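Undergrad: Provided herewith is a single structure, encoded as structure tokens, for subsequent inquiry.
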Amino acid sequence: MGTSEHWIGTWRPHRPRGPIAAQYSSPGPKYALPALTGTSQHDPTKSKAPMFSFGIRYNYSSSNCSPGPRYLIPSNITREGQDGTPAFSLHSRPKEPKYFQAPGPGHYSPESSGKSVFHSAPAYSLSGRSKYVSINKTPGPASYSLPPVLGPKTIATSAVPSYSLCGRSKCGSFHEDLKKTPGPAAYNVVDPRVYRKKPPQYSMTGRNFTPGETTNKPGPGAHYPEHVTFTRAKAPSFSFGLRHSEYILPVVVDLSE
Numbered sequence: 001m002g003t004s005e006h007w008i009g010t011w012r013p014h015r016p017r018g019p020i021a022a023q024y025s026s027p028g029p030k031y032a033l034p035a036l037t038g039t040s041q042h043d044p045t046k047s048k049a050p051m052f053s054f055g056i057r058y059n060y061s062s063s064n065c066s067p068g069p070r071y072l073i074p075s076n077i078t079r080e081g082q083d084g085t086p087a088f089s090l091h092s093r094p095k096e097p098k099y100f101q102a103p104g105p106g107h108y109s110p111e112s113s114g115k116s117v118f119h120s121a122p123a124y125s126l127s128g129r130s131k132y133v134s135i136n137k138t139p140g141p142a143s144y145s146l147p148p149v150l151g152p153k154t155i156a157t158s159a160v161p162s163y164s165l166c167g168r169s170k171c172g173s174f175h176e177d178l179k180k181t182p183g184p185a186a187y188n189v190v191d192p193r194v195y196r197k198k199p200p201q202y203s204m205t206g207r208n209f210t211p212g213e214t215t216n217k218p219g220p221g222a223h224y225p226e227h228v229t230f231t232r233a234k235a236p237s238f239s240f241g242l243r244h245s246e247y248i249l250p251v252v253v254d255l256s257e
């Protein structure tokens with residue numbers, strides 16, 4: 001009875017039936033557990049609830065898309081035919097009739113009838129100069145390009161040897177300037193340390209001066225002997241941190257990627 005007094009209520013420590021994702025700092029096995037919703041990869045140990053789906057509304061039948069006969073039948077048409085009501089229309093005013101005007105003697109030109117009744121004298125007209133008509137368009141002898149008979153690329157004749165004249169070389173001729181010949185200083189001397197033993201090397205450092213009367217010397221207050229831990233044992237030091245819950249996922253802010 002003494003041990004049961006420490007617990008409050010009906011809860012008692014017991015072994016969990018499955019892994020608890022909150023006990024892991026990493027995502028852990030919660031992603032590997034099968035899903036409890038949906039039909040794909042459902043947990044076989046859990047019962048599956050009924051599922052309902054919403055369908056789509058079907059379109060209306062497009063067999064008859066006309067608005068009906070009431071829009072196409074005129075209003076004066078009955079079941080027995082067209083009614084006998086009179087219909088009137090407005091037209092424009094008709095034009096006044098004009099009398100036929102016969103042509104008089106002044107409407108004729110008898111002086112111009114001589115060309116159609118009698119023989120007329122020949123008449124000539126001046127027109128523009130026509131373009132010259134070239135009858136013969138045969139090309140002349142100068143229009144052809146005969147193949148060459150000289151050089152290495154001939155067709156009808158045998159090619160003779162051809163020679164070309166090149167420029168004069170300054171190297172080795174009497175035009176060569178001998179003063180431009182490279183001397184001993186024009187070549188890079190190989191470092192002796194390459195093919196011989198390397199000699200010892202010395203470096204010169206700066207000159208050190210002993211503290212004098214003009215230099216600044218540290219006093220007793222410039223030293224902290226209580227901070228010296230090399231010559232004596234160091235006392236233990238503790239730091240106060242924060243107690244993090246093991247059920248809270250740590251927030252990762254700075255990523256290497």
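Numbering (UniProt numbering), first residue to last: 1 to 257. All residues carry an ideal CB built from backbone N, CA and C; glycine is no exception. Bear in mind that the values here come from a model prediction, so they are computed numbers and not experimental data.
(1) My guess is that Ser162 and Pro148 are in contact by the Cβ rule of under 8 Å, so how many angstroms apart are they, rounded?
(2) How far does the alpha helix (DSSP H) with Pro192 in it reach, from first residue to last?
(3) I need the straight-line Cα distance from Ser203 to Asn216, nearest angstrom please.
(4) Using only alpha-carbon positions, find the residue among Leu36, Tyr58, His175 that is nearest to Pro50.
(5) Per DSSP, which residues does His14 bridge with? Please list them.
(6) Can you list, in chain order, the stretches of the beta strand (DSSP E) that have 3 or more residues and sit fully within the segment 125-202?
(7) For Phe230 and Ser239, I'd like the C-alpha separation in whole angstroms.
(8) Strictly by DSSP, which residues pair up with Ala35?
(9) Specify the secondary structure class of Gly2 as computed by DSSP and reduced to three states.
(10) Under three-state DSSP, which class holds Gly81?
(11) Our contact map puts Glu246 next to Gln23 with C-beta atoms below 8 Å; I'd like the distance itself, whole angstroms only.
(12) Take Pro110 and list the residues in its own chain whose beta-carbon comes closer than 6 Å to its own, dropping the five residues that flank it on each side.
TA: A quick look at the data gives this:
(1) About 12 Å; that fails the 8 Å criterion.
(2) 192-195
(3) 29 Å
(4) Leu36
(5) Per DSSP, none; premise fails for His14.
(6) none
(7) 21 Å
(8) His42
(9) For Gly2, the pLDDT reaches just 48, beneath the cut-off of 50, and the residue's location in the model is therefore unreliable, although a value from the coordinates is still provided. Three-state DSSP puts Gly2 in coil, outside helix and strand.
(10) strand
(11) 6 Å
(12) none
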